[in-house]
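Just below is one structure, and these are the notes that go with it.
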Amino acid sequence: MFSYKQRSTILNTLNHYTFDVLVIGGGITGAGIALDAASRGLSVALVDMQDFAAGTSSRSTKLIHGGLRYLKQFEIGLVAEVGREREIVYENAVHVTKPEWMLLPLYKEGTLGKMTTSAALALYDRLARVRPNERRKMLTKKQTLQKVPILKEDGLLGAGYYVEYKTDDARLTMEVIKKAVEYKAVCINYARVTGFEYKKKKIVAANVRDEISGKSITIHAHQIVNATGPWVDDVRKMDKVHNNKQIRHTKGIHLVFDQSKFPLQQAIYFDTDDGRMVFAIPREGKTYVGTTDTFYADDPIQPVASEEDVTYLLNAIHFIFPKLDIAKKDIESSWAGVRPLIFEDGKNPSEISRKDEIWSSPSDLLTIAGGKLTGYRQMAETIVDLIIKKHKFKHGQKSNTKYLSLSGAKGLNSVNFHDYVANKAKEGEQLGISYNEAKLLVEKYGTNVDDVFHFIRYGKESNVPITLYAELLYSIYFEMVMTPCDFFIRRTGYLYFDIELVQNYKNEIIEIMSQTIGYSESEKIFYQMQLEQFIDDATM
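Using full-length UniProt numbering, the letters of the sequence shown map in sequence onto residues 1 to 540.
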C-alpha cells in the first residue's frame, strides 16, 4: 500500500538513509526518472512540494502525441523520437492511454495545403513508425462533414485523418510513481526542498520540510536531480552556482463544455485564423478545447484562465464551428497549465522548442528542463544513463522501461485489454453496480480495479455513490491522497469533467476524508476553502 498512514515511516527512512538518487519533482519527468533508476536497482527517493502531478503534469492537453506541428519547425529528430515513444507509452499503460483518430480539416485559406498535409502525415507515419492500421488517410469534403457535421463548410477542401493517443496525464504520472514504489523507490508528496548541504563544494543532501506535519528532515544522496518543471530555476537558485540557461514560462488553457452544447464525437486539430493550432476533443460526455500559448510571468502554482484566454478560444471555436451557438455561459469548467520552456531570445511562445536539456552545475546538481509528456520515458532513460556513468554504479547498466508495464497494466496490452475490461466489468456487476459503472472503473484503474472493487464490496454506508466512495478509499490507501483537491483533480479529474458531481458531493467527501485521515478542525476548514477556490477558478 502507498498511503497517508506511511508518511511518518517514509519520512524516517528518507532522513536516515543515503540514496543513490534523489529526485526533486513528482511530475511526469521526475516520476519517470524515479522509475527508470529504481527498476535498474538504484536506491531512489522522490519528493514534491505539492501533490504528485500538481503542476504541468495534470494541466496538459492530455494527449500522448508525436508533435505533428514540429514538422513545420523542421524538428525531425524530435518528431521521430516522441512519435515512437507514443506506442511505448500506450502499450505500457493501456488503461490510461488509448488511440484517438484525429481529424485535421483543410481549407482554401488555411496554412495547410492538401498535398503538403498528405506528405507531412506520410512522413509523420514513417518517422513515428505508425502501425499499418493507424496510418494517415486523406478525406474528401463530404467524408469530413460526415464525421464532423458542425465544421465550417466554406472553403473546406477535405481533411487529413491520423492517430494520436489520448491519456489522463495525472493518472499516467500516478501509475509511473506507483510502479517506482513497487521497485522500492521512496516517494512522498507535500515535501518541500528548502536548501542544500555541501561537502567540498559538492551537493550531498537536501533539507526538506514535510508540509503536512511541519517536520524537517535531511535526505542524503549521491546524485540529486532537479526535475521540478516550472520551478527548476527556483531550485537552481538554492544552489550556490548556476549556469546562464533559464526557463521561460508559457501558459495554456482549456475549456470544457457538455456535449449537449458542443456535440463533438470526433477529435479534431485545426488551425485558427491567426495561424495557431487548437485541439477539440470529446471525452466522457464532454468536449474540451485548447490550448492557448502565451508568455506567463505570474506564480505557476495555480494559474487560471483569463478573460483574454477565454475570448481567444471562444473565437477559435466560432471560427471553425460557426453553426454552434457557444458562449462563455456554456463553459462548465476550465484549467490552465504552465509550460517550462528553455528560453530562446526573439521567439514567440509557439516557436520555442519543446526539446529537453540536461544541465549540470559545478556543485553536481543535475537539472532536466523542457521536454514533453510523450517523451518522459526517453528523457528518464537518458538522465539515468548519465548518472550511472558519472557515479560508476556497478548495477543498473541498461534501462528496461521500454517493455515495463506500469502499475495497473501488468499482463495487459492493446490486444487483450478490451476483453479484460468486458470480463472485469461483469465481475463488477456482481457487486451491485451497473455494467457501465464497472466498465469505467476497469478502464481507469486496469488491474488495480480489484482493490477498488474491494471497497465497493466492504464499503461503509455513506451518502455518496458507492463507486465514488470506493475510488476515494482506493486513492487514500493506495495513492497517497492527502487533500480533497488531490482526489477531485488529480486522481479522478472530476473537477474538470464532472463538476456537478464535485458540487453535489464535496462536503460528504471532505467529511469521509476527515474521518479517515484525521484532519484537525483547522485543516478541514483549510481544505474546504482550498477546494472552493479551485472550483471558483475552474468555473470562472
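Where is the CB? At the ideal position from N, CA and C, for every residue including glycine.
In its own chain, which residues sit with a C-beta less than 7 Å from the C-beta of residue i, not counting the 5 before and 5 after it?
i, result
"E85", "T374, G375, R377, Q378"
"Y474", "D451, V452, F455"
"R192", "M49, V208, R209, E211"
DSSP puts residue i in a beta bridge; with which residues?
i, result
"Y269", "F279"
"E197", "A205"
"D309", "Per DSSP, none; premise fails for D309."
"M102", "Y162, A267"
Looking at the structure shown, is residue i part of a helix, part of a strand, or coil, going by DSSP?
i, result
"Q378", "helix"
"P484", "helix"
"V232", "helix"
"V502", "helix"
"P300", "coil"
"V415", "coil"
"N226", "strand"
"K147", "helix"
"F497", "helix"
"H254", "strand"
"Y90", "helix"
"I29", "Reading off the sequence shown, one finds Thr at residue 29, where the question assumed Ile. T29: helix per DSSP, three-state reduction."
"E332", "strand"
"M540", "coil"
"T447", "helix"
"F19", "strand"
"D385", "helix"
"H220", "strand"
Residue i: buried (16+ other C-beta within 10 angstroms of its C-beta) or exposed?
i, result
"V232", "buried"
"D298", "exposed"
"E351", "In this predicted model, E351 has a pLDDT of only 48, less than 50, meaning its place in the structure is not dependable; the value taken from the coordinates is given anyway. Label assigned to E351: exposed."
"R339", "buried"
"A128", "buried"
"H65", "buried"
"S405", "buried"
"I525", "exposed"
"E308", "exposed"
"residue 541", "Beyond the ends of the chain as shown, which are 1 and 540, falls residue 541; an answer cannot be given."
"N12", "exposed"
"H249", "buried"
"K184", "exposed"
"I301", "exposed"
"D293", "buried"
Kindly list the residues whose CB is nearer than 8 Å to the CB of residue i, restricted to its own chain and excluding five residues on each side of it in sequence; keep chain order.
i, result
"G459", "I466, Y469, A470, L473"
"Q266", "W101, L103, K147, V148, P282"
"H318", "L324, I326"
"Y435", "A425, K426, G428, E429"
"V94", "A409, L412, N413, S414, F417, G446"
"S216", "T194, N207, V208, R209, D210"
"T516", "L473, I476"
"M529", "none"
"Q223", "D20, V21, L22, D364, L366, I387, K390, H391"
"V310", "I253, L255, K328, I331, S334, M540"
"N15", "I217, T218, I219"
Cβ of residue i within 8 Å of Cβ of residue j?
i, j, result
"residue 628", "V384", "Outside the shown range of the chain, which is 1 to 540, sits residue 628, and nothing can be said about it."
"N413", "E91", "yes"
"K108", "P322", "no"
"S118", "G83", "no"
"V44", "V21", "yes"
"A305", "A336", "yes"
"D234", "S58", "no"
"P105", "T140", "no"
"F2", "M482", "no"
"I489", "L365", "no"
"Y288", "H254", "yes"
"L440", "P484", "no"
"T56", "G290", "no"
To which residues of the same chain is residue i closer than 6 Å at the C-beta, ignoring the five residues directly before and after it?
i, result
"K410", "T447"
"A380", "G32, I33, D36"
"G285", "Q259"
"L313", "L255, V289"
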